[in-house]
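Q:
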Amino acid sequence: MKLDSKYFDTIRVKRRGPGAAKAKPETPVCAWEGCTKPGTHKAPLGRDSEGQYLNFCVDHVRQYNKSYNYFSGLGDEDIRKYLKDSLTGHRPTWSMGHNATSPNAAKPRRRKRGEPFDWAAAGDTAEGRAEPQRRVRPLEQKALETMNLQTNASGEDVRLRYKELVKQLHPDANGGDRGHEERLRDVIQAYKLLKQAGFC
Numbered sequence: 001m002k003l004d005s006k007y008f009d010t011i012r013v014k015r016r017g018p019g020a021a022k023a024k025p026e027t028p029v030c031a032w033e034g035c036t037k038p039g040t041h042k043a044p045l046g047r048d049s050e051g052q053y054l055n056f057c058v059d060h061v062r063q064y065n066k067s068y069n070y071f072s073g074l075g076d077e078d079i080r081k082y083l084k085d086s087l088t089g090h091r092p093t094w095s096m097g098h099n100a101t102s103p104n105a106a107k108p109r110r111r112k113r114g115e116p117f118d119w120a121a122a123g124d125t126a127e128g129r130a131e132p133q134r135r136v137r138p139l140e141q142k143a144l145e146t147m148n149l150q151t152n153a154s155g156e157d158v159r160l161r162y163k164e165l166v167k168q169l170h171p172d173a174n175g176g177d178r179g180h181e182e183r184l185r186d187v188i189q190a191y192k193l194l195k196q197a198g199f200c
């Protein structure tokens, strides 16, 4: 690195010393009529003057804030509208499910030619819609057969049948006879499997 390089000639360093200290910016005078104290506190100018402030001293800013009314000159209906809009940050909103311009909006159903009674749409109504059938797996089918239940049995049916079979097959109910113990074990396993499968 050479000290007599052409690049060092263009670098200027500003000397800092006691005379280089920054001058403090002057604080504005209080905007209250007749007050000469420094105006160190900002107060809003008014509703129609967003972003503009008056500078006051501590005593006068308190007095100004007590008498300040953002809604002065507005009617009750305008105030209500402003307060309602302020809940959403004054941004536009739409009712849920009523945006007809949305690509996901429901389109009116058109009938096909030759369908005078609209048979295709008959199954779409709440009354005409069939209850979806649960697909029963082979193990679940075997468990239902073990408990002597149909494939469309509800959870309550499964619970009641389980209680009934346990009471019937338990050795304490049979005077200590352990002849039904294997069947009881099968019923308990079937119930556990149906419970895991979400039948009850």
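Each residue of the sequence shown is one higher than the one before, counting from 1 in the UniProt record's numbering. Note that CB positions come from ideal geometry on N, CA and C, so glycine has one too.
1) Rounded to whole angstroms, what is the Cα-Cα separation between residue 96 and residue 88?
2) Any idea if residue 137 is buried or exposed, counting beta-carbon neighbours within 10 angstroms, 16 or more meaning buried?
3) Just verifying my parser: in three-state terms, what is the DSSP assignment at residue 90?
4) For residue 29, which of 178, 157, 140, 56 has the nearest alpha-carbon?
5) Looking at chain C, is there any beta carbon in it that lies within less than 8 Å of the beta carbon of residue 146?
6) Could you check where the alpha helix (DSSP H) with residue 65 kicks off and where it finishes?
7) Which residues in the same chain have their Cβ closer than 7 Å to the Cβ of residue 155, if we skip the five residues on either side of it in sequence?
8) Anyone know if the C-beta pair for residue 186 and residue 151 falls short of 8 Å?
9) Looking at the strands, I want to know which residues DSSP matches up with residue 289.
10) Ordered along the chain, which non-local residues of its own chain (more than five positions away) have a Cβ less than 6 Å from that of residue 158?
11) Buried or exposed: where does residue 39 fall if 16 or more other Cβ atoms within 10 Å of its Cβ makes it buried?
12) By the three-class DSSP mapping on this structure, what secondary structure does residue 29 have?
13) Does the Cβ of residue 58 have 16 or more other Cβ atoms within 10 Å, making it buried, or fewer, making it exposed?
14) Exposed or buried, what is residue 60 when buried is set at 16 or more other beta-carbons lying within 10 Å of its beta-carbon?
15) Please report the distance separating the alpha-carbon of residue 140 from that of residue 190.
16) Do residue 66 and residue 53 have their C-beta atoms closer together than 8 Å?
17) Excluding five sequence neighbours on each side, which residues of the same chain lie with their C-beta closer than 6 Å to the C-beta of residue 169?
A: So, from the data block:
1) Here residue 96 refers to the residue found at position 96 of the sequence shown. Here residue 88 refers to the residue found at position 88 of the sequence shown. Between residue 96 and residue 88, the C-alpha separation is close to 14 Å.
2) If you number the sequence shown from 1, residue 137 lands on position 137. Answer is exposed; the Cβ neighbour count stays below 16.
3) The residue you call residue 90 lines up with position 90 of the sequence shown. Looking at residue 90 - three-state DSSP - the assignment turns out to be coil, as it is neither helix nor strand.
4) Taking the first residue of the sequence shown as position 1, residue 29 is located at position 29. With distances taken between Cα atoms, residue 29 lies closest to 56.
5) Given the protein chain composition of this structure (a single chain), no chain C is represented.
6) For the purposes of this step, residue 65 is taken as residue 65 along the sequence shown, with counting starting at 1. Counting along the chain, the alpha helix (DSSP H) containing residue 65 begins and ends at 58–67.
7) Numbered from its first residue, the sequence shown carries residue 155 at position 155. Closer than 7 Å at the Cβ level, and outside the excluded window around residue 155, lie 199, 200.
8) Along the sequence shown, read from residue 1 onward, the residue named residue 186 stands at position 186. Along the sequence shown, read from residue 1 onward, the residue named residue 151 stands at position 151. Cβ distance not < 8 Å, so residue 186 and residue 151 don't count as in contact.
9) With the chain covering 1 to 200 only, the question about residue 289 has no answer from this structure.
10) Here residue 158 refers to the residue found at position 158 when the sequence shown is read from its first residue. Within the same chain, residue 158 has close Cβ partners 194, 199, 200.
11) Residue mapping note: residue 39 aligns to position 39 of the sequence shown, counting from 1. The residue is buried, with at least 16 neighbouring Cβ atoms inside 10 Å.
12) Numbered from its first residue, the sequence shown carries residue 29 at position 29. Correct three-state label for residue 29: strand.
13) Numbered from 1 along the sequence shown, position 58 holds the residue referred to as residue 58. Classification of residue 58: exposed, given that the 10 Å Cβ count is below 16.
14) Here residue 60 refers to the residue found at position 60 when the sequence shown is read from its first residue. The residue is buried, with at least 16 neighbouring Cβ atoms inside 10 Å.
15) Position 140 of the sequence shown, counted from the first residue, corresponds to residue 140. Position 190 of the sequence shown, counted from the first residue, corresponds to residue 190. For residue 140 and residue 190, the distance between alpha carbons rounds to 8 Å.
16) If you number the sequence shown from 1, residue 66 lands on position 66. If you number the sequence shown from 1, residue 53 lands on position 53. Against a cut-off of 8 Å, the Cβ pair of residue 53 and residue 66 comes out as no contact.
17) For the purposes of this step, residue 169 is taken as the residue at position 169 of the sequence shown. Correct list, in chain order: 180, 183, 184.
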